[in-house]
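Written below as structure tokens is the structure these notes are about.
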Amino acid sequence: MTSTLRALAAAAASVALVFTLAACAGGAPEPAPTETPAGETSVSITTQTACDGDEGVTLVVDATALEGGEPQERCLITEEAVTAGDALTLAGVETEGTEEYGDQVVCRVDGLPAEDEALTAEDGSDYFETCQAMPAAFAYWSLWARPAGGEWAYAQEGLPTLQLEPGDAVGLLFTLHGQPAAPTS
């Protein structure tokens, strides 16, 4: 298990370097296979597209309920199981947990909602997410899982323990006042 995590971390660094070099060259980053020692996992990331079949794990982040939030899809190409937390980290998605629940509860994704972003509460007052405890019931990130060939459902585990197989998908969806209610992709 440790060698797999080391290989995933090394792969993420390699992919980040490829994206950085591609950005400097002014071109769109192309997915790049990574080289790993024999017997270890090879991982690459394709941005802005879902995985095709069982080529890897599809990652969906939907912040459209927030001002300036956009939907994102990425494909983490892998032949082995990976935790949702590792998949998101390798894809460059930053998550922040809460002080009370750690990374079992997602409070922010890629800095959203910002600490200084006022969300209108049900009573009309301004609400600011502090990431101290459980987020407000009207404004929160939900974690979803979709098995290969299946339907989206609330994840029954948190990011560190949710295991994903090639062909599966994981989604983080920001819901504000019940909308959107579920992932659409």
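So our numbering is basically just the index in the sequence shown, starting at one, shifted up by 3.
The beta carbon of each residue, even a glycine, is placed where N, CA and C say it ideally should be.
Whether residue i touches residue j by CB criterion (8 Å)
i	j	result
residue 169	residue 76	no
residue 130	residue 142	yes
residue 66	residue 79	no
residue 85	residue 186	no
residue 61	residue 172	yes
residue 132	residue 118	yes
residue 134	residue 99	yes
residue 179	residue 122	yes
Element boundaries [alpha helix (DSSP H), containing residue i]
i	result
residue 71	No alpha helix (DSSP H) holds residue 71; DSSP gives it neither H nor E.
residue 93	87-93
Neighbour-count burial assignment, residue i, 16 or more Cβ in a 10 Å radius
i	result
residue 101	buried
residue 55	exposed
residue 150	exposed
residue 105	exposed
residue 188	exposed
residue 114	exposed
residue 163	exposed
residue 87	buried
N- and C-terminal bounds of the beta strand (DSSP E) containing residue i
i	result
residue 101	Here residue 101 belongs to no beta strand (DSSP E), and DSSP marks it neither H nor E.
residue 52	First-last for residue 52: undefined, no H or E at that position.
residue 59	59-65
For residue j and residue i, the rounded distance between their alpha carbons
i	j	result
residue 70	residue 58	33 Å
residue 145	residue 73	16 Å
residue 52	residue 174	14 Å
residue 155	residue 128	32 Å
residue 90	residue 161	13 Å
residue 125	residue 182	13 Å
residue 109	residue 120	17 Å
residue 136	residue 111	12 Å
residue 176	residue 184	9 Å
residue 92	residue 107	15 Å
residue 138	residue 153	28 Å
residue 47	residue 165	20 Å
residue 68	residue 140	14 Å
residue 116	residue 159	23 Å
* Whole beta strand (DSSP E) runs in the region 114-185 with 3 or more residues, listed along the chain? -> 142-149, 172-179
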